[in-house]
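>
In our numbering, the protein residues as written are 1252 to 1846.
1. Closer than 6 Å by C-beta to residue 1406: which residues in its own chain qualify, once you throw out the five before and the five after it? Chain order, please.
2. Should the segment 1342 to 1355 be regarded as contacting the segment 1281 to 1297, the criterion being three or more beta carbon pairs within less than 8 Å?
3. Give a yes or no on contact between the segment 1739 to 1753 and the segment 1680 to 1694, applying the rule of three or more CB pairs nearer than 8 Å.
4. Report the rounded CA-to-CA distance for residue 1812 versus residue 1554, giving the unit in angstroms.
5. Residues in its own chain within less than 7 Å of residue 1294 by CB, not counting five upstream and five downstream?
6. I'd like to know if the segment 1715 to 1726 and the segment 1661 to 1668 are in contact, where contact means that at least 3 CB-CB pairs between them fall below 8 Å.
7. Say whether the segment 1588 to 1598 touches the segment 1473 to 1487, bearing in mind that this needs 3 or more beta-carbon pairs closer than 8 Å, one atom from each stretch.
8. Throw me the rounded Cβ distance for the residue 1367 and residue 1423 pair, which I believe falls under 8 Å.
9. May I have the straight-line CA-CA distance separating residue 1639 from residue 1785, to the nearest angstrom?
10. Of the choices 1425, 1450, 1434 and 1281, whose alpha-carbon is the least far from that of residue 1775?
11. Which parts of the segment 1658 to 1723 are runs of the beta strand (DSSP E), unbroken and 3 residues or longer, counting only runs that do not cross its ends?
12. Using a Cβ-Cβ cut-off of 8 Å (strictly less than) and excluding sequence neighbours within five positions of residue 1377, which residues of its own chain qualify?
13. Look at the Cβ atom of residue 1579, then the Cβ atom of residue 1538, and state whether they are nearer than 8 Å.
14. Run the CB neighbour count on residue 1670, radius 10 Å, all protein chains shown included, and call it buried at 16 or more, exposed below.
15. To the nearest angstrom, how far is the alpha carbon of residue 1802 from that of residue 1330?
16. Counting beta carbon pairs with one atom in the segment 1435 to 1446 and one in the segment 1517 to 1531, are three or more of them shorter than 8 Å?
17. In or out: residue 1372 buried (at least 16 other Cβ within 10 Å) or exposed?
18. Based on Cα-Cα distance, which residue from 1642, 1282, 1618 and 1552 lies nearest to residue 1629?
19. Going by CA-CA distance only, name the one from 1442, 1570 and 1549 that's closest to residue 1558.
20. Taking the straight line between their C-alpha atoms, what separation do you get for residue 1675 and residue 1684?
21. Excluding the five sequence neighbours on either side, which residues of its own chain have a C-beta within less than 6 Å of the C-beta of residue 1626, listed in chain order?
22. If I measure Cβ to Cβ from residue 1763 and keep anything under 6 Å in the same chain, skipping five residues before and after, which residues do I get?
23. Measuring CB atoms only, is the segment 1440 to 1450 touching the segment 1412 to 1421, in the sense that at least three cross pairs come out at less than 8 Å?
24. How many whole angstroms separate the CB atoms of residue 1568 and residue 1622, which I take to be in contact at a CB cut-off of 8 Å?
25. Pull up the distance between the alpha-carbon of residue 1363 and that of residue 1412, whole angstroms please.
26. Put residue 1613 into one of helix, strand or coil per three-state DSSP.
27. Sorted by chain position, which residues of the same chain lie with C-beta nearer than 7 Å to residue 1736's C-beta, five sequence neighbours on each side aside?
28. Using the beta-carbon count (16 or more within 10 Å), is residue 1747 buried or exposed?
29. Does the beta-carbon distance from residue 1296 to residue 1348 come in below 8 Å?
30. Note down the Cα distance separating residue 1271 from residue 1758, rounded to an integer number of angstroms.
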């Protein structure tokens, strides 16, 4: 509220000048200055605290990659061109100020996250400007001397900024198709560039188990075999070793991104049950071994061991247990005599009560380890501890689930299919993907979320902690298509999670997106270009079968991997290797392979 008042006051006073700096997400306050400053290889980065050294090194490396410039890092040098300062002010986590004067660039915050995001904003400004040769008479025409005297010139300005939400997330499904840690790291790089800070890693589902569990090695060696494209037993296992997991988690942490694992239960358990069939809850037509067995006490111990081993790998102290779409395979429970006997003994009137019993027991394991419970919105039906539960509202056609979660005092992350499922079509010209009766998830739709979708009292609720986009990969088998579905929508996601609604301007946003296309080109990203769709034709991994789903459909979802629809056409080939080997990915001949 204080920030809104400040902006309103500045607007009335004429102090806030119109300016559309090419920064995504849009900062809260931008004030034009006068003059300019140059950055070159003779510049230096000064830090007020040694704890900022890693941030200065990160910026130094990114600046070199972007412009070939490598300023030195000086501890406590007040005369440095770029000065990083930790203050004693009470700023929100991630809040920062960036002040550019003719003498110095100063980034200050009360927290390291804020300093990092200030550096990201500065990096975006620098990347938006070409290098210019100094008007100097050089003693030599040697190329090295010329390079040393090239500058990036920035106009003086002041930015005061802070995030709208503390949860700005992206989920990647690697059960349906596996991409490997190099691609995951690239995604984390872009998340950091757009100030996203939560990476939800969907590691288990019907098609594959992608995390090594040493107590149960067959989960990876057998459960990790195959994917949505290739379900044959001859396929190689694809999974992350525990060392891989630690490497990715550490890489993310350096970019102030928290990694949250998802171990889906009690449904979506087919890959796990392939490895350890003794814990299967049975099969029904179309959904073989879809659930874990709730009548076996051994099942709870088995899954508790999995949760414990997984939790030890992720410092986030958050465990996503899924909890969704159990209804798809729950009929098998009704046909099992042992399960029926258990229900009778415990007085359960229906399998829904049994489902909630199962989920409560597993969430008790999570909380006993000091972690928070994360789950899809079906879990609102289970009585969970309010202070330790985060619900992910994904079914926009069931607003009652959001209301119930808020009523129960759960924290909520908003990730509704419309507009935050990135496996959905993003343009009317596209033919491969999911489509909701002509409703597309465009990058501008994501940009305008959630203010056009939620009620006023929900928008102001402190229980809503943020937004998240989900990438389900049934129809995404290659890096090329993954990029095509993520960009430019990642820019809209950045603004949805960060930008204050009172400073949003869709026209200005589209200008900033268009200005930033050159950065994706430089990184060899095969993105959808909404300004010139023919520039990058749609990347298609599978035959163009569009599944049109009624908005009112209750149980169909993002990762409904068991569609009875016959697959048509020839699949694009996809070749993946174990993550312990050098990651390689299938490429279209028109798409150069990235290192």
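Note that beta-carbon positions come from the ideal geometry of N, C-alpha and C, so glycine has one too.
So, from the listed chains and residues:
1. 1287
2. yes
3. yes
4. Confidence at residue 1812 is low in this model, with a pLDDT of 37, below 50, so the placement of that residue is unreliable and no value is reported for it.
5. 1322, 1332 and 1333
6. The answer is yes - the segment 1661 to 1668 touches the segment 1715 to 1726, with three or more Cβ pairs under 8 Å.
7. no
8. For a cut-off of 8 Å, the C-beta gap from residue 1367 to residue 1423 is around 22 Å, too long to register as a contact.
9. 48 Å
10. 1434
11. 1662 to 1665, 1684 to 1686 and 1715 to 1722
12. 1290, 1314, 1317, 1318, 1403 and 1405
13. yes
14. buried
15. With a pLDDT of only 40 at residue 1802, under the threshold of 50, the placement of this residue in the model should not be trusted, and no figure is reported.
16. no
17. buried
18. 1642
19. 1570
20. 6 Å
21. 1572 and 1574
22. 1273 and 1275
23. yes
24. Sure, about 5 Å apart at Cβ, within 8 Å.
25. 14 Å
26. helix
27. 1673, 1674, 1722 and 1727
28. It counts as buried.
29. no
30. 10 Å
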